[in-house]
Amino acid sequence: MKKNKIKPIIFFAVLLPAILQAQTIATWKGNTDDWSTPSNWTWLGTPPPLQIPDMNTEVKIQSVPTPNYYPKISSTATAKTVTVNSGATLTLEGTLEAEEITNNGTINNTVNGTIKLGKSLTNSGTLKVQTVELADNAGNEITIKGTSSPSNNTEIGNLTMEDKGGKTLKLDGKIKTALKLSGTESSKSFLVIEGLSPSCEITLTGSGEGNFLEIDTDKVKITGNNFTAKNSKQKGGKRPDDQTAQNGWKFPPVNLEWKGSQSGDWETAGNWEPEMVPSKQDTVTIPGNLPESRCPKLTNSSNAKAKEITLESGSSLDLDGQIISAASDKSEMKVSGKLSLEYTPEQKIWFNQTFQKNKITLNDGSTVEINGNGTSLALHDADINGGFKSLTINRSGNTTVTTDSGPIKVKNMFKITGTAILNSELQATNITVDYNSTLTAKQKITVNSKFENNGIFKSENEVFLSPSNIIRVIGNMAESKTEFKKLTCKDAGGKILSINGKIKVIEDLTLSGNSISNKLAINGNSSTSAIYLTASQDNTGKYLKVNTESIKINEGDFKPYYKMQNSEDNSGEPKNKNGWVFVDTFELKNSFMRVNGNELYGHL
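Heads up: the sequence shown runs through residues -22 to -1, 1 to 582, numbered per mature numbering (1 follows the signal peptide of the UniProt record, and there is no 0).
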């Protein structure tokens, strides 16, 4: 039994000094007015060695009778908490550092002194100080409360919280002050400014300016002047669409860069750097160093805004069926990456904008991908945008593609993914029909570098090959899947036509160089390359140099054949082979043709 009683006593004895230390209270009695005079204090608990308050002391300034004095701080004073009771006065000419300060009486009758605050400042009386700033060990939440009225009962020359990203300033009541507020620019972190009630009001004594702030503009109102919050946002991450002051807070334009850290949602602040949602006055960049899965994608619920958008090379933006709005209607967009959209009527209007502030410009390296499920697609004249550089049509269902005026012109790649009927002339450097896709061309096609069919292609008009150097025609493994009504490559001396895979030509195959000394070279990729004709053709080819070993006409059996003028095989000889006929006449021998020779055999 004795043991059980001793243990609690020992435990209490060990903790008592710590308890007394934590609850050390200094109460002002006022023999003189000097804060730093030990005899001016009475103590509850163990006083500090110097017998004056320190950072562990709870200070109470009570009303004292005449002829006693109230404290004055002329240099530097510290305390854990300071409470000035009703009827009491604290004169602050130097610096007071405390975690919490509560004033129910008077702290200064004129603006003077500095408060270094660790946690909170609450004024219910009269408070006039020159500077309120944060102590070095201040917490992440700072609360400052003024009186309910008027604002000059709580007068602070400068309320200073600069380079304090990650902290929160909570305000209430009415306060008269100049603001020096900013987050941390180097880390792009925000100082958050919150209002504890709708009655919070700051009478601003001068026009202020700060950086990287997140402000509850509905609850923290400014009167007298405006405060300019650069690189800043409202509560929740959004921004005003113009510089009209929001209860005294002005938000100038910012430059934002997409990071895609959280999702593809345009309106998620965490996807941008700095972390805020673009407004109609802001300039945004989609960088080219992100995978497409991390790039922005708009949805039906999107309300995307920006003044100007730059898609860097390698970047992508999926508009779906939406637009991005600016103060002057639609945004200006400069595209060097991939722009995906459904090409809705409103999106088409956007493409047709000529006013620079609302214009889409397609730079080199850009790709426009048209998705959706419409059965008709009437393209605008993209010359207004600088011309299509690459164009992909990726519609579900059977889409008929036309144009408002002139041919469709594509500087680089025209690609079909899905099923399409092309009812407009097309001019492109490269054309690709994707796997499991179908393209039916009813109008003339001109291609400059490569035609590649991985699906099904059928032309009902001429396909004109206009090479600048080498042009490749890549067919599918079955000739019926790559079918040309007319295929032409003429006056192409010094150029190379390379045919890979199997293709079929229903009517005319017209191939020519420019002269005997300036021939068009034709080759394939060994035994897999062939041009299938529905009938033999005489003299539709001239000035050709054909590698007859690598490319055949049909099965190479001269049924049918392709006869040329002023042409030769790869060795420089006019030797008939694999359906290619170089000589002007055949020698009749008997009733059959000898394959790969210059004689025809018939009945004698």
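The beta carbon of each residue, even a glycine, is placed where N, CA and C say it ideally should be.
Owing to the predicted nature of the structure, the values given are computational and were not obtained by experimental measurement.
- prompt: Since Tyr413 contacts Gly433 with CB under 8 angstroms, what's their CB separation in whole angstroms?
  reply: 6 angstroms
- prompt: Roughly how many angstroms separate the alpha carbons of Asn86 and Glu75, rounded to a whole number?
  reply: Distance between the alpha carbons of Asn86 and Glu75: 16 angstroms.
- prompt: Could you check where the alpha helix (DSSP H) with Gln108 kicks off and where it finishes?
  reply: Taken as a continuous stretch (DSSP letters only), Gln108 belongs to no alpha helix (DSSP H), being part of the beta strand (DSSP E) at Thr104 to Leu112.
query: In terms of residues, what are the limits of the beta strand (DSSP E) holding Lys158?
result: Lys152 to Leu159
- request: Could you check what DSSP says for Glu78 in three-state terms: helix, strand or coil?
  value: strand
query: What's the gap between the Cα of Asn544 and the Cα of Val411?
result: Pairing Asn544 with Val411, the inter-Cα distance amounts to about 35 angstroms.
- request: Note down, in chain order, each residue of its chain lying with its Cβ closer than 7 angstroms to the Cβ of Pro402, except the 5 sequence neighbours on either side.
  value: Correcting the residue type first, residue 402 is Ser in the shown sequence and not Pro. These residues qualify, in order along the chain: Val379, Thr380, Thr381, Pro385, Ile386 and Gln421.
field: Length of the line joining the Cα atoms of Asp486 and Asn478
entry: 19 angstroms
- request: Compute the distance between the beta-carbons of residue 584 and Leu147, then report whether it is under 9 angstroms.
  value: Outside the shown range of the chain, which is -22 to 582, sits residue 584, and nothing can be said about it.
field: Residue of Lys428, Glu430, Ala499 and Thr424 minimising C-alpha distance to Lys464
entry: Thr424
- prompt: Taking three-plus beta-carbon pairs below 8 angstroms as touching, is the stretch 58 to 76 in contact with the stretch 88 to 98?
  reply: yes
message: Using a 10 Å radius around the Cβ and a threshold of 16 neighbouring Cβ atoms, would you call Gln334 buried or exposed?
response: So Gln334 counts as exposed.
- request: State yes or no: is the C-beta of Cys273 within less than 9 angstroms of the C-beta of Asp307?
  value: Pairing Cys273 with Asp307 gives a Cβ-Cβ distance that is not under 9 angstroms.
- prompt: Is DSSP giving Ile30 helix, strand or coil here?
  reply: coil
message: Taking only three categories from DSSP, how would you classify Asp516?
response: In this structure, Asp516 counts as strand in the three-state DSSP scheme.
- prompt: When the Cα of Gln505 is compared with those of Asn492, Lys480, Asn63 and Asp516, which residue comes out closest?
  reply: It should be pointed out that residue 505 corresponds to Ser in this sequence rather than to Gln. For Ser505, the nearest C-alpha among the options comes from Lys480.
task: Leaving aside the five residues before and after Phe(-12) along the sequence, list all residues of the same chain whose C-beta is less than 6 angstroms from its C-beta, in chain order.
output: Legend: pLDDT at Phe(-12) = 45, less than 50; position of this residue unreliable, no value from coordinates given.
- prompt: Which one of Thr59, Thr353 and Gly242 has the shortest CA to CA distance from Ala282?
  reply: Gly242
query: To the nearest whole angstrom, what separates the beta carbons of residue 644 and Thr512, a pair I think is in contact under 8 angstroms?
result: Since the first and last residues shown for the chain are -22 and 582, residue 644 lies out of range.
- prompt: Which term fits Asp547, buried or exposed, when burial requires 16 or more other beta carbons within 10 angstroms of its beta carbon?
  reply: Classification for Asp547: buried.
message: Does the contact criterion of 3 or more C-beta pairs under 8 angstroms hold for the stretch 24 to 34 versus the stretch 63 to 71?
response: Taking a contact to require three or more Cβ pairs closer than 8 angstroms, the stretch 24 to 34 and the stretch 63 to 71 do not qualify as touching.
Uninterrupted beta strand (DSSP E) stretches inside the stretch 198 to 248 (no shorter than 3 residues): 199 to 201, 205 to 208 and 233 to 236
query: Cβ of Thr407 within 9 angstroms of Cβ of Lys393?
result: no
message: Cutting at 6 angstroms between CB atoms, please list the residues of its own chain near Leu(-7), excluding the five before and the five after it.
response: Here Leu(-7) scores only 44 on pLDDT, less than 50, and its place in the model should not be relied on; the value that follows carries that caveat. Cβ neighbours of Leu(-7) beyond the five flanking positions: none.
field: Integer Cβ distance of Ser280 from Glu245, believed to fall under 8 angstroms
entry: 7 angstroms
field: Neighbourhood of Ala55 by C-beta, 6 angstroms cutoff - its chain only, sequence neighbours within 5 removed
entry: Trp13 and Leu74
- request: Over the uninterrupted beta strand (DSSP E) stretch that includes Lys428, give me the two end residues.
  value: Ile423 to Asn431
field: Beta-carbon spacing of Glu270, Ser294 below 9 angstroms
entry: yes
field: Closest by C-alpha distance to Ser549, when choosing among Tyr540, Trp19, Pro538 and Lys523
entry: Lys523
task: Specify, as a first and last residue, the run of the beta strand (DSSP E) that Trp19 falls within.
output: Per DSSP, Trp19 belongs to the beta strand (DSSP E) from Trp19 to Leu22.
message: Restricting to Cα atoms, I'd like to know which of Ile448, Gly315 and Trp227 is closest to Thr263.
response: Of the listed residues, the one whose Cα sits closest to Thr263 is Gly315.
message: Using DSSP's beta-bridge definition, name the partner residues of Thr381.
response: Residue pairing for Thr381: DSSP places it in a beta bridge opposite Leu357.
task: Decide if Ser437 is buried, meaning its Cβ has at least 16 other Cβ atoms within 10 Å, or exposed.
output: Buried.
field: Straight-line gap, Thr339 to Lys208 (C-alpha atoms, nearest Å)
entry: 29 angstroms
- request: Please report how far the alpha carbon of Ile371 lies from the alpha carbon of Glu347, in whole angstroms.
  value: Roughly 6 angstroms separates the two Cα atoms.
- prompt: Can you list, in chain order, the residues of its chain whose CB lies under 8 angstroms from that of Ala305, leaving out five sequence neighbours each side?
  reply: Asp219, Asp220, Lys258, Gln259 and Lys285
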